[in-house]
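Each residue of the sequence shown is one higher than the last, beginning at 1 in full-length UniProt numbering.
By construction, the Cβ of each residue, glycine as well, lies at the ideal position given by its N, Cα and C atoms.
Inspection log for the structure reproduced underneath, given as structure tokens.
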Amino acid sequence: MSGQPAQPIIDTHVLLRDGDKVLLSQRGGPYGYGRWHLPSGKLDQGETLTVGAARELFEETGVKTDPGHLELRHVVHHRQGDGSERIGFFFEAVRWEGTPRNKEPEKCLALQWFADHDLPEDIIEYPGAGLRGCLGRAGVLALHGWR
Numbered sequence: 001m002s003g004q005p006a007q008p009i010i011d012t013h014v015l016l017r018d019g020d021k022v023l024l025s026q027r028g029g030p031y032g033y034g035r036w037h038l039p040s041g042k043l044d045q046g047e048t049l050t051v052g053a054a055r056e057l058f059e060e061t062g063v064k065t066d067p068g069h070l071e072l073r074h075v076v077h078h079r080q081g082d083g084s085e086r087i088g089f090f091f092e093a094v095r096w097e098g099t100p101r102n103k104e105p106e107k108c109l110a111l112q113w114f115a116d117h118d119l120p121e122d123i124i125e126y127p128g129a130g131l132r133g134c135l136g137r138a139g140v141l142a143l144h145g146w147r
């Protein structure tokens with residue numbers, strides 16, 4: 001331990017539901033190419049968690065939600081292979097409007113609805129830990145990638 005303060009990247013992830021279905025995004029960039037995850041992104045400087053989550057959801061899918069309609073469901077403290085850290089806040093949009101569409105085709109191969117009891121096996125591990133937490137399959141906090 002170096003005694004240095006941690007400087008994790010803060011991520012926001014949004015669980016969008018339609019009945020028993022969950023919207024997932026298929027990665028088109030180099031990290032996790034072809035694998036699934038929730039709509040997500042990094043928090044911008046000076047932005048609250050809920051404002052950042054609502055912004056990322058809209059930027060990626062065109063779906064609008066008021067930041068006040070995002071409920072925190074899970075937190076993941078993730079350590080990457082290079083030792084860098086991320087803290088992911090997983091929200092559920094309890095009210096939203098619009099029809100999801102792929103607004104970032106350079107980063108996303110597809111958006112698809114999956115039944116919450118029949119999710120794809122190739123979900124990226126870090127957001128997968130948060131998704132399981134959101135669906136009630138884990139506690140409120142997951143430590144991922146730590147030894």
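Going along the chain, which residues of its own chain have a beta-carbon closer than 8 Å to the beta-carbon of residue i, five neighbours each way excluded?
| i | result |
| --- | --- |
| residue 116 | 17, 20, 21, 22, 135 |
| residue 87 | 8, 9, 10, 11, 75, 76, 77, 78 |
| residue 85 | 6, 7, 8, 9, 77, 78, 79 |
| residue 144 | 76, 77, 78, 79, 125, 126, 129 |
Assuming residue i contacts residue j (C-beta within less than 8 Å), just tell me the rounded distance between them.
| i | j | result |
| --- | --- | --- |
| residue 71 | residue 91 | 6 Å |
| residue 28 | residue 108 | 5 Å |
| residue 39 | residue 61 | 6 Å |
Once you ignore the five residues that flank residue i on each side, which residues in its own chain have a CB closer than 7 Å to its CB?
| i | result |
| --- | --- |
| residue 37 | 24, 25, 27, 123, 124, 127 |
| residue 44 | 52 |
| residue 32 | 124 |
Using the rule of at least 16 other Cβ atoms within 10 Å of the residue's Cβ for burial, across every protein chain shown, is residue i buried or exposed?
| i | result |
| --- | --- |
| residue 140 | exposed |
| residue 6 | exposed |
| residue 174 | For residue 174 there is no data in the structure shown, the boundaries of the chain being 1 and 147. |
| residue 3 | exposed |
| residue 133 | buried |
With distances taken from CA atoms, which of the options is nearest residue i?
| i | options | result |
| --- | --- | --- |
| residue 83 | 142, 30, 146, 35 | 146 |
| residue 104 | 57, 132, 31 | 57 |
| residue 120 | 34, 4, 13 | 34 |
| residue 93 | 133, 32, 67 | 67 |
| residue 55 | 132, 31, 131, 14 | 14 |
| residue 106 | 131, 59, 132 | 59 |
Residues in the same chain with beta-carbon distance under 6 Å from residue i, minus the five sequence neighbours each way, listed in chain order, please.
| i | result |
| --- | --- |
| residue 63 | 57, 96, 98, 100 |
| residue 102 | 108, 111 |
Inter-stretch contact at 8 Å, needing at least 3 Cβ pairs: the segment 42-51 / the segment 123-130: With the cut-off at 8 Å, the segment 42-51 and the segment 123-130 do not touch.
Sufficient close CB pairs (3 or more, under 8 Å) joining the segment 72-83 to the segment 94-105: With a cut-off of 8 Å on Cβ pairs, the segment 72-83 is not in contact with the segment 94-105, counting fewer than three such pairs.
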